[in-house]
Amino acid sequence: MLDHVGITVEPSKFNDVVKFYLAALAPLGYSKQVEIPEKLIGLGTDNHTMPFWIHSKEGSKVLGYHFAFRANSHNVVDEFHARSLQSGGTCNGKPGTRLQYHPTYYSAFVIDPVGNNVEVVNHGF
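Just so we're aligned, residue 1 is where the sequence shown starts under UniProt numbering, counting upward by one.
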């Protein structure tokens with residue numbers, strides 16, 4: 001079981017990436033829990049759990065990670081997709097059922113401002 005995930009971005013991209021994730025993950029109940037301005041932000045649903053971190057570091061390489069956040073409904077997936085596109089993301093798969101995974105796998109994919117493939121999925125069970 002994963003406890004948390006972090007991405008590291010160039011200082012020049014930090015504010016854009018933070019803006020993107022604050023908007024994109026709001027439908028999942030995520031918000032800023034901890035922050036060192038211009039250096040680090042921890043996102044989560046309460047101040048005891050911060051499963052997603054964004055770090056700012058000079059010379060950071062983006063390797064194009066893929067990670068998926070679990071949603072409790074199709075509407076949350078749809079809202080993630082819409083907010084992500086409004087905040088600088090690029091569509092990498094519109095909301096819909098992905099039968100290749102299983103019959104009730106409903107997800108959307110967005111490329112974040114630094115090239116990571118972000119997915120929100122509702123398994124329907």
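Note that the Cβ used here is the ideal one computed from N, Cα and C, for glycine as well.
Under the DSSP assignment, Lys94 falls in the beta strand (DSSP E) whose first and last residues are Thr90 to Thr97.
Using a Cβ distance threshold of 7 Å, Val77 and Val120 count as a contacting pair. In this structure, the beta-carbon distance from Ala23 to Ser107 does not fall below 7 Å. The three-state secondary structure of Phe67, taken from DSSP, is strand.
Distance from the CA atom of Phe80 to the CA atom of Phe67, rounded to whole angstroms, is 14 Å. Under DSSP, Phe109 forms a beta bridge with Gly93 and Glu119.
The Cβ atoms of Gly93 and Trp53 do not sit closer than 7 Å to each other.
For His55, there is no enclosing alpha helix (DSSP H); the enclosing beta strand (DSSP E) covers residues Phe52 to Ser56. Ranking Thr8, Val118 and Asp3 by CA distance to the CA of Ser60 puts Thr8 first.
Distance from the CA of Val114 to the CA of Pro103, rounded to the nearest whole angstrom, comes to 31 Å. The Cβ atoms of Ser73 and Pro11 lie no closer than 7 Å to each other. One thing to note: Asn122 has its Cβ within 7 Å of the Cβ of Ala71.
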